[in-house]
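Residue numbers (full-length UniProt numbering), protein chains in the order written: chain A, 1 to 174; chain B, 1 to 174. C-beta atoms are modelled at their ideal positions from N, C-alpha and C, and glycine is treated no differently. Taking it in order: structure first as structure tokens, then the write-up.
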DNA sequence: AAACATACAGACAAGTCTGTCTATTTTTTT
DNA sequence: AAAAAAATAGACAGACTTGTCTGTATGTTT
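Structural data, given as structure tokens:
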């Protein structure tokens, strides 16, 4: 069995993503991670602290998957298109739970600034990703916006149909 | 003073929008609405029931404001463009708290189907709104997607900058 | 005047939450 | 093998949650 900190992060990832941040309690996390409460507070000074760690982990995981997936395509344009296929794959895999970052954005208050910063930084990286693929900055923004709404709308309607449409629209743009 | 049910809905609207659904308790709502708890449960059978009532009220409010705002424009195309100005106005007015419907979408679980349905129906109406303004269905979807992400990204970055960009992109489309 | 609806205050149940603490055991390092 | 570090269980504080309940007061209708 892995180290407690890893087990906590592992379970928090599953539960935050499945149930949401506010609906997931520390007690459930530690009990499913088989970790004592005192151990939890040795590794994380608060639940918000865990949230930041989770989002960082999620960022690394999600981006490495995206890069992996899109790198199969040969040219830049195809990489952009395949990013939409990536959404669809992730939706199927994760039951249309949408974007962890945007979900948590909806749950936090003004006071939770450190969490907000991680979310902003994640989305900034996504914009940079598209910016590197298409040189035109306005076009990159355009695709980024379509990409974002594709994730959200598929979460809302629990279907990949709108991702297909977003993909088609994006294809017509480039 | 208005009737208790109105006062409850009024306060719930403010608090759900400001703090989020799960972070707002019944006790806070009734205390700020100056209503007894027994009275609350006479008008709403549960918190989820109140949530549905809130979303319906919000739907009516938001759409009437949108129609009002956009009807100042003379032609169809200008109405579409002014919808983006509407977002900016609402963002300023409501401190970049984003879309109530999408915020609550992030907070609910699979079991809360009745809430999900109200959210889906709201967004369907928004799609219909754009569909009626631009006859091309794919273009309407395109604009709808840009509109949605404009709301979300401005909530994320607490700025109207990306709404301006979305507006510019939309203008170039029609 | 009697009956009814609606509102009130607020105690209460049963559970949740985060975070702290003590005391014991296991694991790692010297 | 001894010392130090890390993990354990779980009690506890204090505040919160939704929802139920009793009893009282006010106002309207018959």
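For residue 16 of chain A, not one C-beta of chain B is nearer than 8 Å to its own C-beta. Using a Cβ-Cβ cut-off of 9 Å, residue 119 of chain A is close to 156 of chain B, given in chain order. Between the region 85-92 of chain A and the region 2-12 of chain B there are fewer than three C-beta pairs closer than 8 Å, too few to call the two in contact.
Cβ-Cβ separation between residue 30 of chain A and residue 36 of chain A: approximately 7 Å, consistent with a contact (criterion under 8 Å). When the alpha-carbon of residue 138 of chain A is set against those of B:132, B:128 and B:172, the nearest one is in B:172. Rounded to whole angstroms, the separation of the alpha carbons of residue 164 of chain A and residue 79 of chain A is 15 Å. Interface with chain A (8 Å Cβ-Cβ cutoff): residue 145 of chain B is included. DSSP, read as helix, strand or coil, puts residue 85 of chain B in helix. Residue-level contact by beta carbon fails for residue 27 of chain B and chain A, as no gap is shorter than 8 Å. Against chain B, the beta carbon of residue 141 of chain A has neighbours under 9 Å at 162, 165, 166 and 169, listed in chain order.
Taking 8 Å as the cut-off, the Cβ atoms of residue 141 of chain B and residue 81 of chain B do not count as close. As the crow flies, the alpha-carbon of residue 113 of chain B is around 14 Å from that of residue 155 of chain A. Using beta-carbon distances, residue 123 of chain B counts as an interface residue toward chain A, with a partner under 8 Å. Between the beta-carbon of residue 57 of chain B and that of residue 9 of chain B there is about 6 Å, and that keeps the pair under the 8 Å contact cut. Taking a contact to require three or more Cβ pairs closer than 8 Å, the region 141-151 of chain B and the region 124-133 of chain B qualify as touching. Below the 9 Å Cβ cutoff, chain B contributes 98, 103, 106, 152, 155 and 156 as neighbours of residue 105 of chain A, in chain order.
Residue 97 of chain A: not part of any alpha helix (DSSP H); DSSP gives it neither H nor E.
Residue contact with chain A for residue 22 of chain B: present (Cβ-Cβ distance below 8 Å to some residue of chain A). Not one beta carbon of chain B lies nearer than 8 Å to the beta carbon of residue 159 of chain A. What residue 109 of chain B touches in chain A, judged by beta-carbon distance under 8 Å, is 19, 20 and 23, going in chain order. Against chain A, the beta carbon of residue 114 of chain B has no neighbour under 7 Å; the closest one sits roughly 15 Å away. Within the same chain, and ignoring the five residues on either side of residue 11 of chain B in sequence, the residues whose Cβ sits closer than 7 Å to its Cβ are 29, 32 and 33. Judged by beta-carbon spacing, residue 21 of chain B lies within the 8 Å limit of residue 104 of chain B, meaning their Cβ atoms are closer than that value.
Between residue 102 of chain B and residue 152 of chain B, the C-beta gap is smaller than 8 Å, which places the two residues in contact. The beta-carbon of residue 149 of chain B is placed less than 8 Å from the nearest beta-carbon of chain A. The distance from the Cβ of residue 118 of chain B to that of residue 55 of chain B is about 4 Å, consistent with a contact at the 8 Å cut-off.
For residue 108 of chain A, the number of other beta carbons within 10 angstroms of its own is at least 16, and it is reported as buried. Setting aside the 5 residues that flank it on each side, residue 116 of chain B is surrounded in the same chain by 108, each with a C-beta closer than 7 Å to its C-beta; the list follows chain order. Annotation: the continuous alpha helix (DSSP H) that includes residue 140 of chain B extends over 137-157.
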